[in-house]
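Data block below; observations after.
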Amino acid sequence: MIISSATDYREAARSKLPPFLFHYLDGGAGAEQTLRGNVDDLQQVRLRQRVLQGSEQLDLSTEWFGVKQDMPLALAPVGLTGMFARRGEVQAARVAAERNIPFIQSTVSVCSLQEVASQSSKPIWFQLYVLKDRGFMRDVLQRAKALGATTLVFTVDMPVPGARYRDAHSGMSGPYAGMRRMLQAMLHPRWALDVGLLGRPHDLGNISAYRGHVTGLADYIGWLGNNFDPGIGWKDLQWIRDEWQGPMVIKGILEADDAREALSFGADGIVVSNHGGRQLDGALSTAQALPAIVDAVKNKMTIFADGGVRTGTDVFRLLALGADGVLIGRAFVYALAVHGAAGVRNLLALMEKDLRTNMVLTGVKSVRDIGPDVLVRGVRS
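Numbering (the working numbering), first residue to last: 632 to 1012.
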């Protein structure tokens, strides 16, 4: 199979992965209107093609929180990444370190913070949910700090899990889920060998380290569901800002008012995100939400964006809409599922090539100069 983008990796992953895992990764909330909108609206962003601009020397580097990055990309936190490839978080973190971009480890990773941090040559970032169990939150924050995590990405758009209908149909949840997952694994022998057999333990490392016993996939659904906190407010989070002295990024912002709240709270950055279309179906796509947020807080905090990114052109579009950096989630996990670290490495190379091509064709020499000037007038999303 010829691979030219994350879309190709997606189709290959569909064949390799058991359905319960593919649809967990690929699916969204409800009728998946926001999931589709993330992709469709981003692709509607129109760019100004320029000629004879002398763009031979290109600078793809940027700086976030005083640290230089070689590309304006980070690998987003994706739960259960270690179920898509053998010790998946470790493989992805190694590639991110090679490329000098951040790897953001999920709270609900298969590999523990200790395992990933010890295998990465570059400090990782860590993502944390708002949970009822404050003891767990304090414990995992302390472990992240002790292991050298530099930046906290605090996810606030999941006070309750979205209605993800695919999971019930695929076997991730619902009646006889365990039996259905086992049958699917037997019918996907490449995954069964690489991950099912050789990728053990299938454990949620960070949660198990706190609870003192193995927390498997069945426990994941129940423990996490019981620990989301719909009653939380900004004032309840001040202890986290006090606890974490490093850069803090608030993930899950779609409204300018919430961006201003995050700024007042003391966040150093935000991620404009609808959780990959996995929470409120019908919410704004990232491309729709980003411009108003940029107008509200640009140059006051670092603005990241995610959602619908499949190519380097999509990265360029989000930067043109005002983002300072872009997180990729599904895209890198599709590649990881198909070819492991080599897949992630190739995907990043493809995205870099796209990004360079777009810079030349729009007459931009540095990613830090990508902005509204490269957009067709009157077309922002």
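For every residue, glycine included, the Cβ atom is placed at its ideal position computed from N, Cα and C. In this text, all values refer to a predicted model and were calculated from it rather than measured experimentally.
Based on Cα-Cα distance, which residue from the options lies nearest to residue i?
i: GLN784; options: THR665, ALA808, LYS753 and SER737; result: The identity of residue 784 in the sequence shown is Val, whereas the question assumes Gln. Nearest option by C-alpha distance: SER737.
i: THR782; options: VAL940, LEU762 and TRP756; result: TRP756
i: GLU642; options: VAL998, ALA968 and VAL991; result: ALA968
i: PRO861; options: PRO790, GLY938 and ARG909; result: PRO790
i: ASP937; options: ALA954, ALA777 and VAL726; result: ALA954
i: ASP873; options: LYS882, GLY827 and GLY897; result: GLY897
i: ARG987; options: GLY658, SER692 and GLY668; result: SER692
i: THR786; options: MET932, PHE859, LEU744 and ASP912; result: PHE859
i: LYS647; options: GLY853, GLY827 and ASP770; result: GLY827
i: LEU759; options: GLY685, VAL964, TRP875 and ALA966; result: TRP875
i: THR665; options: LEU950, ASP926, GLU983 and LEU915; result: LEU915
i: SER740; options: ARG730, VAL721 and SER751; result: VAL721
i: VAL1007; options: ARG961, LYS984, ALA972 and ARG948; result: ARG948
i: GLY908; options: SER635, HIS654 and ARG667; result: ARG667
i: VAL964; options: ASN989, LEU652 and SER635; result: LEU652
i: VAL928; options: ARG891, MET990 and ALA966; result: ARG891
i: VAL975; options: VAL698, LEU704 and ARG812; result: LEU704
When we look at the beta-carbon of residue i and count the other beta-carbons within 10 Å, is it buried (16 or more) or exposed?
i: SER1012; result: Confidence in SER1012 is poor, its pLDDT being 43 and thus under 50, which makes the residue's placement unreliable; the coordinate value appears in the next sentence. Result: buried.
i: TRP695; result: buried
i: ASN669; result: buried
i: MET817; result: exposed
i: TRP870; result: exposed
i: ASP672; result: buried
i: VAL682; result: exposed
i: ALA973; result: exposed
i: THR638; result: exposed
i: GLY853; result: exposed
To the nearest angstrom, report how far apart residue i and residue j are at their CA atoms.
i: ILE717; j: LEU706; result: Per the sequence shown, the amino acid found at residue 717 is Arg instead of Ile. Distance between the alpha carbons of ARG717 and LEU706 is about 17 Å.
i: LEU981; j: GLY943; result: 7 Å
i: GLY883; j: PHE734; result: 18 Å
i: GLN815; j: PRO649; result: 5 Å
i: ASP798; j: GLY864; result: 29 Å
i: LYS776; j: LEU978; result: 30 Å
i: ALA644; j: GLN674; result: 23 Å
i: LEU678; j: SER804; result: 42 Å
i: GLN919; j: ALA887; result: 12 Å
i: LEU829; j: ALA823; result: 8 Å
i: ASN1078; j: GLY685; result: In the structure displayed, the chain extends from 632 to 1012; residue 1078 sits before or after that span and is not available.
i: GLY793; j: LEU656; result: 14 Å
i: ALA849; j: GLY913; result: 29 Å
i: VAL1010; j: TYR841; result: Bear in mind that the predicted position of VAL1010 carries a pLDDT of just 48, short of 50, making it too unreliable to give a figure here.
i: GLU687; j: GLY994; result: 10 Å
i: GLY836; j: LEU744; result: 7 Å
i: ARG769; j: LEU711; result: 21 Å
i: LYS984; j: ALA923; result: 29 Å
i: GLY809; j: THR846; result: 15 Å
i: ALA780; j: ASP701; result: 19 Å
i: LEU894; j: ALA962; result: 29 Å
i: GLY843; j: ASN857; result: 18 Å
According to DSSP, simplified to helix, strand and coil, what is residue i?
i: MET810; result: helix
i: ILE901; result: strand
i: SER997; result: strand
i: LYS882; result: strand
i: TRP875; result: coil
i: MET990; result: helix
i: VAL1007; result: coil
i: THR782; result: coil
i: ILE924; result: helix
i: THR917; result: helix
i: SER1012; result: Unreliable positioning characterises SER1012 in this predicted model, as indicated by a pLDDT of 43, which lies under 50. The coordinate reading is nonetheless provided below. Coil at SER1012, not helix or strand.
i: LEU648; result: coil
Please tell me whether, using a cut-off of 7 Å, the distance from the CB of residue i to the nearest non-hydrogen atom of the ligand FAD is below it.
i: HIS833; result: Ligands displayed in this structure: none; no statement on the ligand FAD is therefore possible.
Unbroken stretches of the alpha helix (DSSP H), 4 residues or longer, contained in the stretch 653-732: Within the stretch 653-732, the complete alpha helix (DSSP H) runs of at least 4 residues are 664-674 and 719-729.
I'd like the ranges of any alpha helix (DSSP H) spanning at least 4 consecutive residues and lying wholly in the stretch 787-837. Those alpha helix (DSSP H) runs which fall completely within the stretch 787-837 and span 4+ residues are 796-801 and 808-817.
List, from N- to C-terminal side, the beta strand (DSSP E) runs of 3 residues or more that fit wholly inside the stretch 730-774. Counting only runs of 3 or more, we get 756-760.
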